[in-house]
Amino acid sequence: MKYSLLGKSGLRVSELCLGAMTFGEEWGWGASKEECHKIFNAYVDAGGNFIDTANKYTEGTSEKYIGEFIESDRDRFVLATKYTSNTRRGDPNAGGNHRKNMTQSLEASLKRLNTDYIDLYWVHAWDPLTPIEEMMRALDDMVRAGKILYIGISDAPAWIVSQANTVANLRGWTEFTGLQIEYSLIERTPERELLPMASALVTFRRWCTHR
Amino acid sequence: MVVTQEGNSRLEVQNELANRFLTDRNILIAQEVSKIAKEIQCSAAQVALNWVRQQNIIAAASKNKIIPIIGARKETQIKDNLACLEFELTTEQMKTLNEVSKIELGFPHDFLNSERLKDIIYGGTYSLIRNTNAVR
C-alpha cells in the first residue's frame, strides 16, 4: 500500500480507504462486530490508515465500533466522518448543514468515536436550505477550534462546491480538500462536471460499496 | 453473469438499489469486467477497482488522485479488494472498459468540443497553439 496526498493538502492517506457503512447490522445488510474487527485488521495489516464513516451509518454503531478499534493507536489513523443526515426524526434542526446541526452532529460523533478530533470532516450532502457562507464559516470555526483538521464535501453539484471553495478562498477560510462521490464503470456521469472541477479545485474520492 | 449474491447483501435488502443497478447496459459492462477478470485470473471486483484507480480520462494529473473507498461485509471480501494493489490493467484492457461504459457528456461539453465550434472560436489556429492549460 502506498500513500497519496489528499487533494492540495499535505495529509498522507493510503491509496485505498476503508468504508465503514457495513459496520453494524442495524440496516439489515452489515457485518457483526466480530467480522468488522476482522475486516478492519485485514485493512490495517495491508497498510491502510484511512477510515471513512458517517454519523448516520448504522444509527451510530459504525462510529462506535471504529472508536473501539482505533483506540489504542488513534493518532496513526486518518479518521473521517460526516454530518448532514437527520438524527432525530421530526426535528428540523437535527439535520441539514446549518451551524446548529453541525455543532450537535460533530459533538455526538466525537463522543461515539471516543476522540477529541476528526481528521477529515465531510459535509455528507448538499442542503439547499443552508447558505453556503454559513456552512463554510461554521466549518472554518470548527477547524480553528481544533475539533476537525480538514474538510470535504460529498454528494453535491459541481457549481456548489466551486462556489463554496471560491468564497472560502477569498475570505481566508478553510477550503474543501476532498470530494466524495459515486464514480465507477456504471456511473461515469461525474466526468461531465464533478471530475474536471475536482481536478482544478480539490481531489476526489469515489464511494461505491454495493456489498 | 451471476447477479445473485449469497445472503443479506445490500442489493438483496434494498430492492430499489438493485432495480437501479441491474439494467441491460450495466450487465453488458459487468460481462466485460468478468471476461477480463477470467483472462487475468483475478476477481471482477479487482478489475472494477483498478479501472477507477487507473482512471486519468479527465487529466493526466488526476491519476492516483482518486482514492477508492472499499467496503465489505466479510473479511474474505476486503482481502480480495485489497489485492487489487498487486496488478494493473493493460492499456488495451482500459480501452475495452472505457469503450463499453462510455457516456455522452451532453451540453455544453459536446458542443464545445465540436470541430464547428472550435473553428468559430479559434479561426483555424487551434492546432497551432500548444495547449498547456487543458483540464479535459
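Same order as they appear, the protein sequences are chains A and B.
Counting in the numbering used here, the first sequence tops out at residue 240, every number present.
Counting in the numbering used here, the second sequence tops out at residue 1265, every number present.
The C-beta atom is built at its ideal place from N, Cα and C for all residues, glycine as well.
- In the three-state reduction of the DSSP assignment, S1138 of chain B falls in the coil class, being assigned neither a helical nor a strand state.
- With a 10 Å radius around the Cβ and a threshold of 16 neighbouring Cβ atoms, A185 of chain A comes out buried.
- Collapsing the DSSP output to three states places G207 of chain A in a strand.
- According to DSSP, L108 of chain A shares a beta bridge with A:I80.
- Nearest to R141 of chain A by alpha-carbon distance, out of A:E92, A:K62, A:P219, is A:E92.
- In terms of Cα proximity to Q1206 of chain B, the closest of A:F69, A:E97, A:L108, A:I80 is A:F69.
- Taking CB atoms only, P1237 of chain B has no neighbour in chain A less than 7 Å away.
- Note on K1194 of chain B: 16 or more other CB atoms within 10 angstroms of its CB, so buried under the neighbour-count rule.
- Taking a C-beta distance under 7 Å as the contact criterion, E63 of chain A and T90 of chain A do not qualify as a contact pair.
- Using a Cβ distance threshold of 7 Å, T51 of chain A and R1202 of chain B count as a contacting pair.
- In terms of CA proximity to L1211 of chain B, B:I1196 leads the group B:I1196, B:T1225, B:L1140.
- In the same chain as D1239 of chain B, and ignoring 5 residues on each side of it, the C-beta atoms closer than 7 Å to its own belong to E1233, in chain order.
- Contact residues of the segment 1202-1233 of chain B toward chain A are R1202, K1203, E1204, Q1206, I1207, K1208, L1211, L1214, L1226, S1230, I1232 (C-beta to C-beta distance below 7 Å).
- Of the other Cβ atoms in all chains shown, 16 or more fall within 10 Å of the Cβ of W58 of chain A; this residue is therefore buried.
- T51 of chain A belongs to the set of residues whose beta carbon lies under 7 Å from a beta carbon in chain B.
- Put simply, of B:A1166, B:F1150, B:R1139 the residue whose alpha carbon is nearest the alpha carbon of F1216 of chain B is B:A1166.
- Rounded to whole angstroms, the Cβ separation of L1257 of chain B and M30 of chain A is 45 Å, and the two are not in contact under 8 Å.
- Just so you know, the alpha carbons of V1162 of chain B and T132 of chain A end up roughly 44 Å apart.
- At a beta-carbon threshold of 7 Å, none of the residues of chain B lie near T195 of chain A; the nearest stands roughly 16 Å away.
- Bridge pairing for I1199 of chain B: A:L47 [DSSP].
- For secondary structure counted as the beta strand (DSSP E) over 3 or more consecutive residues, the segment 111-162 of chain A holds these complete runs in sequence order: 147-152.
- Rounded to the nearest whole angstrom, the CA to CA distance from E1141 of chain B to D145 of chain A is 38 Å.
- The Cβ atoms of T113 of chain A and N126 of chain A lie closer than 7 Å to each other.
- At a beta-carbon threshold of 7 Å, the residues of chain A lying near N1155 of chain B are I215, ordered along the chain.
- With fewer than 16 other CB atoms across the displayed protein chains lying within 10 angstroms of its CB, N198 of chain A is exposed.
- Taking the C-beta atoms as reference points, L178 of chain A is found no nearer than 7 Å to D156 of chain A.
- With the criterion set as a beta carbon lying under 7 Å from some beta carbon of chain B, the members of the segment 37-66 of chain A are V42, E44, L45, C46, L47, G48, M50, T51, G57, W58, G59, A60, E64, in sequence order.
- Taking a C-beta cut-off of 9 Å against chain A, the contacting residues of the segment 1143-1170 of chain B are Q1143, L1146, F1150, T1152, R1154, N1155, I1158, A1159, E1161, V1162, listed in chain order.
- Rounded to the nearest whole angstrom, the C-alpha separation of G53 of chain A and V42 of chain A is 25 Å.
- The three-state reading of DSSP puts L223 of chain A in helix, counting H, G and I together.
- M165 of chain A and N194 of chain A have their C-alpha atoms some 8 Å from each other.
- Membership of I177 of chain A in the beta strand (DSSP E) is indicated by the continuous run 177-183.
- Across the set B:L1246, B:S1230, B:F1236, the C-alpha of B:S1230 shows the shortest separation from the C-alpha of L1157 of chain B.
- If you ignore the 5 residues before and after V1176 of chain B, its C-beta comes within less than 6 Å of the C-beta of V1162, I1165, A1166, all in its own chain and listed in chain order.
- Under the Cβ distance rule, A1177 of chain B counts among the residues neighbouring chain A, one pair being separated by less than 7 Å.
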